[in-house]
Amino acid sequence: MACIVFSLEDGTTFTAALEGEMVTIGRHPDNMVPLPSPSVSNHHAAIQLRPDGFYVHDLASRNGVRVNGAEIEEAMLNDGDRVSFGDVQALFYAADRAPEISVVEAPVKPQTSVQKSVTSRHQVANIPPHAGVQPPAPGHGPAYRRREEDGSGCMTAFLLTLLFVGAFLLGLTLRHYEQTKGGILPNDLIEKLFSKASKLHIESGDSK
-6 MACIVFSLED
4 GTTFTAALEG
14 EMVTIGRHPD
24 NMVPLPSPSV
34 SNHHAAIQLR
44 PDGFYVHDLA
54 SRNGVRVNGA
64 EIEEAMLNDG
74 DRVSFGDVQA
84 LFYAADRAPE
94 ISVVEAPVKP
104 QTSVQKSVTS
114 RHQVANIPPH
124 AGVQPPAPGH
134 GPAYRRREED
144 GSGCMTAFLL
154 TLLFVGAFLL
164 GLTLRHYEQT
174 KGGILPNDLI
184 EKLFSKASKL
194 HIESGDSK
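Using the working numbering, the letters of the sequence shown correspond one by one to residues -6 to 201.
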């Protein structure tokens, strides 16, 4: 005998045998297959037996009837078709009996914390909880790294200062070279210093 297996919104399932020429489906108790779902109309649909097979009819329901995802007004049912009455899903079986439906419960996750699992691991292995965690060696801790970073910053500032001073002196040398038509700033400075020193020496000798 053909049958249809309904899956309600709360997860329960039940099988209804398609006996007789007409089986009515809806939310009202006077239906041959009542479906307690707010998405199902009072008189939602009917399944009719004809010489060539079973047909499902939509009885002007509010949320419609779908066969394998397509909304229909009337459709012939084939073995294994998915039929939706509102939000209630169903499977049509043309065989003598529906396949057995087994409900498998999801495994319950044990309520254990990460801290407990870590503690039990150390206890089983007889290892102290902090074994393998060594304190930083002298000169390798955070304070040492901070000193290295400070030293690196000072060295960078010193190099930048040298570059700035070198660029400044180079600019003075080029400017002096252009103004003196080929003069070299260090040589001219040395000559001026020596000439001033000689002049001061001569003047001091004359004053005596």
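C-beta: ideal position from N, C-alpha, C; glycine also. Remember, predicted model here, so these are calculated numbers, not experimental data.
{"Asked": "Contact test: L186 Cβ vs the ligand FMN heavy atom, cutoff 7 Å", "Found": "Among the components modelled here there is no ligand, and therefore nothing to report on the ligand FMN."}
{"Asked": "Reduced DSSP secondary structure (H/G/I, E/B, other) of I183", "Found": "helix"}
{"Asked": "Close beta carbons around V81, own chain, < 8 Å, minus the five adjacent residues each side", "Found": "F(-1), S0, L1, E2, L28, S30, S32 and V33"}
{"Asked": "Length of the line joining the Cα atoms of G13 and M69", "Found": "17 Å"}
{"Asked": "Delimiting residues of the beta strand (DSSP E) encompassing G46", "Found": "G46 to D51"}
{"Asked": "Whether E67 touches H50 by CB criterion (8 Å)", "Found": "yes"}
{"Asked": "Coarse secondary structure for T17, derived from DSSP in three states", "Found": "strand"}
{"Asked": "Between the CA atoms of T8 and V96 - distance to the nearest angstrom", "Found": "Because V96 sits at a pLDDT of 35, beneath the cut-off of 50, its placement in the model cannot be relied upon, and the point is left open."}
{"Asked": "Boundaries (first-last residue) of the beta strand (DSSP E) holding E12", "Found": "Premise fails: E12 is in no beta strand (DSSP E) and is neither H nor E."}
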